[in-house]
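Residue numbers (our numbering): -11 to 184.
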């Protein structure tokens, strides 16, 4: 019986420390979770704004009133941040649609395709499936633009930046505006036709 009292006494003395440790342990992931949520809100805004500064070939749309489709393939890290209502219902006169899909056959129907970090193993297959199509590919994957992706998100010092592979875009008939290119952290320039 004395042993139980001693244990209870130890527990009472340790309880404030345990509570503090639990509070600190939960606070750090909650803060990290809040930081991640804010980061993806910023990235969602970038996706919508990219659409304003990119020109697709006419063949990318079935009609003059066809929607501009932003897709996420893989696990959606944006949560509710990626909704047309959050950024206006139209871009350059086209209604917005948001698709989530893992079906590689549907990806050519996208105009902007965010490839989630969860798709790391399928990255090459996804990029190959839209190669040459007027689909602006966006990801956070390391070396994404070297792999044949168009826009690579970079996060450092609590800032979201991006780099552009203009050459891949050109081969797909995509034109990035000079304004967009001027704010990119890095640009892999388009090759001059006839110089190869």
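Just so it is clear, CB atoms sit at the ideal spot from N, CA and C, and this is done for glycine as well.
Quick one: is residue i buried, meaning 16 or more other Cβ sit within 10 Å of its Cβ, or exposed?
i           : result
residue 183 : Reliability of the predicted coordinates at residue 183 is poor, the pLDDT of 44 falling under 50, and no value is obtained from them.
residue 122 : buried
residue 62  : buried
residue 106 : exposed
residue 13  : For residue 13, the predicted model reports a pLDDT of 34, less than 50, meaning its position is unreliable; a value from the coordinates is still stated below. With fewer than 16 other Cβ atoms within 10 Å, it is exposed.
residue 31  : buried
residue 133 : buried
residue 160 : buried
residue 10  : Only weak support exists for where residue 10 lies, its pLDDT of 30 falling under 50; the value from the coordinates is given anyway. That one is exposed.
residue 65  : buried
residue 81  : exposed
residue 104 : buried
residue 67  : exposed
residue 52  : exposed
residue 78  : exposed
residue 164 : buried
Nearest to residue i by CA position, among the options, is which residue?
i           : options            : result
residue 95  : 158, 25, 163, 125  : 125
residue 128 : 119, 118, 139      : 139
residue 117 : 87, 158, 101       : 101
residue 119 : 108, 131, 130, 135 : 135
residue 112 : 49, 99, 137        : 137
residue 24  : 144, 110, 161, 159 : 144
residue 87  : 50, 55, 108        : 55
residue 29  : 77, 42, 70, 163    : 70
residue 57  : 47, 42, 43, 83     : 83
residue 97  : 148, 44, 142, 131  : 44
residue 50  : 34, 130, 99        : 99
residue 33  : 157, 156, 148      : 148
In terms of residues, what are the limits of the alpha helix (DSSP H) holding residue i?
i           : result
residue 112 : 111 to 118
residue 158 : 154 to 159
residue 167 : 166 to 171
Identify every residue that forms a DSSP beta bridge with residue i.
i           : result
residue 87  : 59
residue 101 : 59, 125
residue 144 : 147
residue 77  : Answer by DSSP bridge pairing: none, since residue 77 is not bridged.
Quick one: give me the first and last residue of the beta strand (DSSP E) that residue i is part of.
i          : result
residue 69 : Per DSSP, residue 69 belongs to no beta strand (DSSP E) and is neither H nor E.
### Message
Under 8 Å, with one C-beta from each stretch per pair, do the segment 165 to 174 and the segment 27 to 44 reach the 3-pair mark?
### Response
Contact between the segment 165 to 174 and the segment 27 to 44 is present: three or more C-beta pairs spanning the two stretches fall below 8 Å.
### Query
Is the segment 51 to 69 close to the segment 89 to 108, with three or more CB pairs under 8 Å?
Judged by Cβ distances under 8 Å, the segment 51 to 69 makes contact with the segment 89 to 108, as three or more pairs qualify.
### Query
If you pair each beta-carbon of the segment 148 to 162 with each one of the segment 172 to 181, do three or more pairs fall below 8 Å?
Yes, they touch.
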